[in-house]
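Beneath this line is the structure, given in structure tokens, with notes to follow.
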Amino acid sequence: MAKLPIITLPDPILRRASDPVERVDADVLRLADDMLETMYDAPGIGLAAIQVGVPRRLVVLDCASEGEKPDPRVLINPEILDLSGQTKVYEEGCLSIPDFRVDIERPAELRLRYIDRDGKLQEHDASGLLATAIQHELDHLDGKLIIDFLSRLKREMVVRKFKKLARQDGPL
Ligand code: NI
């Protein structure tokens with residue numbers, strides 16, 4: 001396994017919509033394993049392939065609480081089939097937007113369809129933090145970020161800050 005560099009704001013690739021994974025082969029599984037290693041190292045609870053520069057509909061997640069045994073999940077071509085009317089607010093962060101957090105209200109429960117790492121079609125219900133993390137990661141596949149939940153003014157402030165940081169950290 002290998003740790004991959006995580007792409008951060010304001011890189012425009014984060015706004016790109018990802019294409020479906022065509023087949024679950026060794027390359028896809030290697031990418032999923034590398035993404036899990038990258039996510040655990042960060043550390044984070046979810047990562048979409050576009051965040052490591054690969055525009056494919058592939059997501060990894062682990063929403064186990066601290067002290068619980070790891071619960072790595074690989075979702076290939078995930079699709080939300082149903083969302084609950086009831087909502088829940090979580091403070092969300094994103095590995096592509098370091099040191100930024102925002103309260104986001106999202107549906108509390110959902111039904112998900114995806115292909116697992118064995119290439120099998122799965123359907124599962126999710127709730128709690130996992131439901132929020134799934135919605136956050138699926139947003140990435142459509143080029144959507146948590147700053148899109150802010151007002152335009154606040155969003156532009158955050159983007160400006162990251163543009164400034166990128167200039168300072170950039171190659172000379
Ligand atoms: Ni994110």
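Per the numbering used here, the sequence shown runs over residues 1 to 172.
C-beta: ideal position from N, C-alpha, C; glycine also.
Computed from a predicted structure; not experimentally measured.
Under 8 angstroms Cβ to Cβ from residue i, same chain only, skipping five residues before and after it: list those, please.
{"i": "K55", "result": "Correcting the residue identity first, residue 55 is Pro in this sequence and not Lys. Once the five neighbours on either side are set aside, the close Cβ partners of P55 are I13, R16, A17, S18, D19 and A49."}
{"i": "D175", "result": "Limits of the chain in this structure are 1 at one end and 172 at the other, which puts residue 175 out of reach."}
{"i": "T132", "result": "K88, Y90, E92, I104 and R106"}
For residue i, which of helix, strand or coil comes out of DSSP?
{"i": "K3", "result": "coil"}
{"i": "K154", "result": "helix"}
{"i": "T87", "result": "strand"}
{"i": "I104", "result": "strand"}
{"i": "V74", "result": "strand"}
{"i": "I45", "result": "coil"}
{"i": "A64", "result": "coil"}
{"i": "E37", "result": "helix"}
{"i": "R160", "result": "helix"}
Tell me whether the beta-carbon of residue i lies closer than 8 angstroms to the beta-carbon of residue j.
{"i": "D82", "j": "R111", "result": "yes"}
{"i": "E92", "j": "I104", "result": "yes"}
{"i": "Q86", "j": "A108", "result": "yes"}
{"i": "A64", "j": "E37", "result": "no"}
{"i": "P72", "j": "D62", "result": "yes"}
{"i": "I6", "j": "Q51", "result": "yes"}
{"i": "Y90", "j": "L29", "result": "no"}
{"i": "V102", "j": "I146", "result": "yes"}
Rounded to whole angstroms, what's the CA-CA distance from residue i to residue j? Just pull it up for me.
{"i": "D34", "j": "K88", "result": "31 angstroms"}
{"i": "T8", "j": "F162", "result": "9 angstroms"}
{"i": "A42", "j": "L95", "result": "8 angstroms"}
{"i": "V24", "j": "G119", "result": "6 angstroms"}
{"i": "M157", "j": "D142", "result": "22 angstroms"}
{"i": "F149", "j": "A32", "result": "28 angstroms"}
{"i": "I97", "j": "Y40", "result": "16 angstroms"}
{"i": "I80", "j": "H140", "result": "14 angstroms"}
{"i": "R155", "j": "F100", "result": "11 angstroms"}
{"i": "L121", "j": "E66", "result": "29 angstroms"}
Under 7 angstroms from any heavy atom of the ligand HEM, does the C-beta of residue i make it?
{"i": "S18", "result": "You won't find the ligand HEM in this model; what it holds is the ligand NI."}
Tell me which residues share the same chain as residue i and place their Cβ nearer than 6 angstroms to its Cβ, disregarding the 5 neighbours each side in the sequence.
{"i": "L165", "result": "none"}
{"i": "P10", "result": "V159, F162 and K163"}
{"i": "L4", "result": "D34, T38 and V52"}
Using 10 angstroms around the beta-carbon of residue i, count the other beta-carbons present and answer buried if the total reaches 16, otherwise exposed.
{"i": "L153", "result": "exposed"}
Here's a check: name, in chain order, each residue in its chain whose Cβ is nearer than 7 angstroms to the Cβ of residue i, leaving out the five neighbours to either side.
{"i": "P70", "result": "D62 and A64"}
{"i": "A127", "result": "Sequence inspection shows Ser at residue 127; the Ala mentioned does not correspond to that position. Closer than 7 angstroms at the Cβ level, and outside the excluded window around S127, lie A108 and E109."}
{"i": "E137", "result": "G46, A48, V59 and L61"}
{"i": "V21", "result": "V28, R56, R57, L58, I76 and N77"}
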